[in-house]
Every structure is written in structure tokens, then in C-alpha cells.
Amino acid sequence: MKPTIEDIAKASGVSKGTVSRVLNGHRSVAPATRERVLGIMSHFGYQPDPIARHLSWRTGRALGLSLMPGDSLLSPYHVLFRRALERETASLGFALQDLTGSLAALSHLPSALLVMNVSDDDERLVFLRRREVPAVVVGHHPEWAWVAPDDKGGAELAARHLVALGHRDLIFIGDGPSQVAQDRRLGFVETANALGAHVSCVPADFSALGGYRAARRAWEGGLRGTGVFVGCDEAAVGVIAALVDLGLRVPSDVSVIGFDGLPELPSTGAFLGLQLSTVAQDIERIATTALELVLAALDRPVEERIARGVHVPVQLVVGNTTAPLGGTV
């Protein structure tokens, strides 16, 4: 009787999903585990059935990317994140599905989901828990597997950078209900206050238009600051545009720093020739880690899924949108 993938998994002491990943050459499998599984396959004379593998890839092998209503599929961050995922999922036979509406309205749910821009009481997570669908949060959550950049630590870097340049009247643009906005606000405000600076917080969508509107609203309402931390790079572009429209110079009058480290933000260079100061996150590493966590969740029954979290480090990248207080550029 020919050995099955279940026989190989049992003999190797791993799940069927791990055996499948070894067969597919996926790099998420530890080298020692890979060697053990390959050795067991050789011992049993196991040969995978190519037809069965093809059929398994075509049935239910979909990974959903769940965005909040209103989130843009064309935002620079989403495009880069999705591109990084596609490089990994293609060899695994997963199809990627962008989901921007209600999950409850779907006639068929994907095999697993990555949930973006979560809030503490996110209805999507409640729904997925009830349906027992494997999911990973891109952000952090105490009850789910998650991966996130070090949002709070990155915001601390932004605060220290602005304060070191002499800025004491600071503004955070990007305040909102999402975990990302809350952590970046908290890290920035706590660090700035501890260093003797004052921070005013302004709500804004994480988009160029949201940043533009928030900055215009703040300045026209009388709010002033010499250093501005914006919750994402895309919104920072809008903030800079608004400040210029208001007759201010960046960074001579106002220093601006973003968060994301997006490699392509043509709007800044196109009309100002500016290179945005930012807190850069490793988008590709976040995407691959999210996929590894999804595969681990698919390997386990519901009761054995682990709420494991991974923080991916960030780094400060200084451009020419921040400068010493009162300095010239």
C-alpha cells in the first residue's frame, strides 16, 4: 500500500500542512524539520500525487485580505504589501482576494484571512471567531495571531527626533480608532511629554487627502506647532501640501515626519523636491511573517490555534522634511 501524506506527517511528528510546505519548498519550514520530513519520505518511498496536489490547490485555497470599508486598494502601502504576499503565495497555490465590504455578505469565505486596520471591537474578528475561520491580524490583538511593525516604538523614534531638533510644540496628525493610530499616538505623546514637549492630536484618515484636510483644519482653527508627526507617509504628503498652500515652508517653518518608509511617494518630489523623513517599516517581512502565521493556523484545529504575536522592528530614516528649530535649509 502506497504511503500517504498522513503517514509521512505521523511518522515525522508534524502536521499535514508542514509536509505540504516541505513538498512546495516553502522557506517557513525550519531546516531541521525539512530534513526530517524529507528523510521520512525517502525511507517510505513516498511520491506525491501531482494530480491530487493540483486539485488541492484549486479547492478552497484562497487567502483573503480584509480591509475596512473606505480603505483604498491602490494605496501605496497596500500595493507593496500585496506584492510581497504574491511572491510567496504563487508557489503555494493560494489565490489572493481583496475584501473591502462586509464579510458576512460573502457567499463563500476564503480558506483564511489577513485582517487589516483592526480596532478593539472589530466586528470582522467577532464574525471570524464565530465561523472558526483561520485569521491573522496585521496589527496587534490579544486574542489572535498577529504581526505588526513596532508602531509604538517607531512613534517614540519620531518624538525623540523632533525634540532633539529643538521642537517643543508638536502635533500628531492621524489620530483615530484603529490599533495603528492609537499605538502611534500613544508612543509619540508619551515620549514627547516625557522629554518636555507638548503634543496636540488631530484626527485624520490615513490618506493624502485626509492629511491635507486635517492640516488645513488645524492651522485655520488656530493650532500651531513647529514639528508634526503624521501617522503614515501617504497622509504626510497631504500635510506638506496643505502647509505649502498655507504659505509655510517645510522644514524651515514646520518639520514633518511620517511613518511607513514607502519607497515611492512622487507627490513630495514632484512639487517640492523633498525626501520625507519617516519611520520605515519592513513591509516585505511583515507580509511573509503574516503568511507563515496563516499557514500555522491552517495546520491546527480551532482549539489549538495560538494567539502568537510578532513585532517587526522599524528604523528612523531622516530626509529633508525635518530640520532644527529656527534653522534654515
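All residue numbers for the sequence shown refer to this note's numbering, where the first residue is 2 and numbers rise by one.
C-beta: ideal position from N, C-alpha, C; glycine also.
Every value quoted in this text rests on a predicted model; they were computed, and no experiment measured them.
- The three-state reading of DSSP puts His-79 in helix, counting H, G and I together.
- For Asp-176, the enclosing beta strand (DSSP E) starts and ends at 170 to 176.
- For Leu-66, the closest alpha carbon among the candidates Leu-39, Val-139, Gln-276 and Gly-232 is that of Val-139.
- When rounded, the separation of the alpha-carbon atoms in Ser-208 and Leu-75 is 11 angstroms.
- For Ala-308, there is no enclosing alpha helix (DSSP H), as DSSP marks it with neither H nor E.
- Judged by DSSP in its simplified three-state form, Val-116 adopts strand.
- The three-state secondary structure of Asp-152, taken from DSSP, is helix.
- Of the candidates Ser-103, Gly-188 and Ala-205, the residue whose Cα lies closest to the Cα of Gly-155 is Gly-188.
- The alpha-carbon separation between Arg-35 and Ala-10 amounts to approximately 12 angstroms.
- In the structure shown, Gly-211 adopts helical secondary structure according to DSSP, grouped into three states.
- Restricting attention to Asp-72, Lys-3, Gly-211 and Leu-64, the CA atom closest to the CA of Ser-43 is found in Lys-3.
- Looking only at Arg-309, Leu-97 and Gly-228, the smallest Cα-Cα distance to Val-190 is reached by Gly-228.
- Taking every protein chain shown into account, the CB of Arg-185 has 16 or more other CB atoms within 10 angstroms, so this residue is buried.
- Comparing alpha carbon positions, the residue from Ile-172, Gly-248, Val-200 and Ala-195 closest to Gly-212 is Ile-172.
- In this structure, the CA atom of Ala-288 is about 10 angstroms from the CA atom of Arg-88.
- Counting along the chain, Ala-63 sits inside the beta strand (DSSP E) bounded by residues 63 to 67.
- Counting along the chain, Val-127 sits inside the alpha helix (DSSP H) bounded by residues 124 to 132.
- The stretch 92 to 100 and the stretch 159 to 167 do not touch, with fewer than 3 CB-CB distances between them shorter than 8 angstroms.
- Listed in chain order, the non-local C-beta contacts of Gly-226 below 6 angstroms within the same chain comprise Asp-170, Leu-171 and Ile-172, local neighbours out to five positions each way being set aside.
- Residue state for Gly-40 is assigned as helix, using DSSP reduced to three classes.
- DSSP, reduced to helix, strand and coil, places Phe-230 within a strand of the structure shown.
- When rounded, the separation of the alpha-carbon atoms in Glu-7 and Leu-64 is 24 angstroms.
- Note that the stretch 95 to 112 does not touch the stretch 248 to 259; fewer than 3 beta-carbon pairs, one per stretch, sit closer than 8 angstroms.
- Look at Phe-260 here: in three-state DSSP terms it is strand.
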